Amino acid sequence: MLHLQNIHQAFSSGDSTLKVVDGLNLVIPKGEFLCIIGSNGSGKSTLLNIIAGNQKPDNGTITINGTDITGLQDFERSKWLARIFQDPFNGTAPELTILENMRLASRRTSSKNLTIGTGADFRKLTKDHLSILGLGLENKIDQPVGSLSGGQRQALTLVMAALAPAEVLLMDEPTAALDPKTAAMIMEITNKLHAQFGFTVVMVTHNIKDAVNMGNRLLMLKSGTVFKDIPAAEKRNLDIVDVVKWFD
Ligand SMILES: Nc1ncnc2c1ncn2[C@@H]1O[C@H](COP(=O)(O)OP(=O)(O)O)[C@@H](O)[C@H]1O
Ligand SMILES: [Mg+2]
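In numbering that gives the first Met the number 0, the protein residues as written are 0 to 247.
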């Protein structure tokens, strides 16, 4: 369970101060798939940065399964958290092969065992995970990641999160840089991996259709606070037209 308590974050420029997150409280149970929407500048990325540890909040506490992680750096949180960015080229190392990238991902949570991933077992594990994608990447594990398309790299980053395995997957507009067909594929893969591995997903999206169709909870941020918090039962009956009106 991810628990945010009374999170405050303000940014000042000149003599004005902008309250970007203003006393936010949020409980995200294990396995939940939460979509977050909000206008530009409503604090969505700031919130993900605060959860990830790239931004230390002015105030408030973040716990994962009861462990207070508020004071921990981003790399110290990596055994709980994986992150997917908008830019597909952000999550993987292009000069390394798929296998080597998978190896790095698996080390993320197992610092004690640095020899992990050198043998046939790890090749098999990697291939098994990649075959879930249905993209044929399991036949390309010795190719450099730089030779893959943006969509394939985004898919690979997702599998790396599943392999690790992360408790919480943070996604900040993961499909914004992709064409519609590839974007749909990435959403489908996200659903598949979420169903199979049961990690918690927190996904920021500008795509209202995805926000309505994906996951089992929808949150809208406005003025640094939670403007809407729609649980699964209610979310199933949501209409895209109504959600668009919330932005007025
Ligand atoms: N490090 C920072 N320093 C100053 N202002 C920031 C910083 N990060 C974000 N902001 C401001 O905070 C507001 C919220 O930004 P952000 O969280 O990126 O919004 P969103 O992701 O919802 O579009 C914006 O007005 C942005 O300019
Ligand atoms: Mg953003």
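Where is the CB? At the ideal position from N, CA and C, for every residue including glycine. Here the structure is a predicted model, which is why all the values come from computation and not from measurement.
- Collapsing the DSSP output to three states places residue 69 in coil.
- For the pair residue 203 and residue 43, the Cα-to-Cα distance works out to about 7 Å.
- For residue 230, there is no enclosing alpha helix (DSSP H); the residue is found in the beta strand (DSSP E) stretching over 224-230.
- Counting along the chain, no alpha helix (DSSP H) covers residue 2; the unbroken beta strand (DSSP E) around it starts and ends at 1-12.
- Every residue whose Cβ sits closer than 7 Å to any heavy atom of ligand 2 is listed here in chain order: 43, 44, 171, 172 and 203.
- Around the beta-carbon of residue 75, fewer than 16 other beta-carbon atoms lie within 10 Å, marking it exposed.
- Around residue 168, the same chain offers 81, 160, 198 and 200 as residues with beta carbons nearer than 6 Å, after the five sequence neighbours per side are excluded.
- Cβ atoms of residue 166 and residue 79 come within 8 Å of each other, at about 4 Å.
- Looking at the DSSP output, residue 21 bridges to 7.
- Fewer than three beta-carbon pairs drawn from the segment 182-190 and the segment 2-13 are found closer than 8 Å, and the two stretches are therefore not classed as touching.
- For residue 35, the enclosing beta strand (DSSP E) stretches over residues 32-36.
- Secondary structure note for residue 129: its alpha helix (DSSP H) is the uninterrupted segment 119-130.
- Taking the C-beta atoms as reference points, residue 83 is found nearer than 8 Å to residue 156.
- 93 is the residue among 93, 104 and 230 whose C-alpha sits nearest the C-alpha of residue 142.
- Residue 10 has its Cβ nearer than 7 Å to a heavy atom of ligand 1.
- DSSP places residue 86 in the coil class of the three-state scheme, outside both helix and strand.
- Unbroken alpha helix (DSSP H) runs of no fewer than 4 residues, entirely contained in the segment 134-221, are found at 149-162, 179-196 and 207-212, following chain order.
- Placement of the Cβ of residue 19 at a distance of less than 7 Å from at least one heavy atom of ligand 1 is found.
- With contact defined as three or more Cβ pairs closer than 8 Å, the segment 34-43 and the segment 203-223 are in contact.
- The Cβ atoms of residue 53 and residue 67 do not sit closer than 8 Å to each other.
- C-alpha of residue 0 to C-alpha of residue 27: approximately 6 Å in a straight line.
- Between ligand 1 and residue 40, a heavy atom-to-CB distance of less than 7 Å is present.
- Among the bridge pairs identified by DSSP, residue 45 is matched with none.
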